[in-house]
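Only one structure is covered here, and it is reproduced in the block below.
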Amino acid sequence: MTAKIDDWLLEILACPKSKAPLRLDEEAGELVCDESGLAYPIRDGIPVLLVDEARAIG
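First residue of the sequence shown: 17, per my numbering; consecutive thereafter.
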């Protein structure tokens, strides 16, 4: 799955848990927070920034 988020949107999005910046993992279709160790899914082009929906990365 390949995802794309506009650069201007990526600049203003933050992890809801740590408030740290997110980076886009286009191949996985996720927004990743290295500080909190969570990856948030992107569904139908919409980031799902809910901690309960996030996947722990390790």
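Glycine residues also receive a C-beta, built at the ideal position from the N, C-alpha and C atoms.
For Asp50, there is no enclosing beta strand (DSSP E), as DSSP marks it with neither H nor E.
Straight through space, the alpha carbons of Ala70 and Gly45 are spaced by roughly 12 angstroms.
Straight-line spacing of the CA atoms in Leu65 and Trp24 works out to 17 angstroms.
According to DSSP, residue pairing for Ala55 in a beta bridge involves Val48, Arg71.
Annotated three-state conformation of Asp22 is coil, per DSSP.
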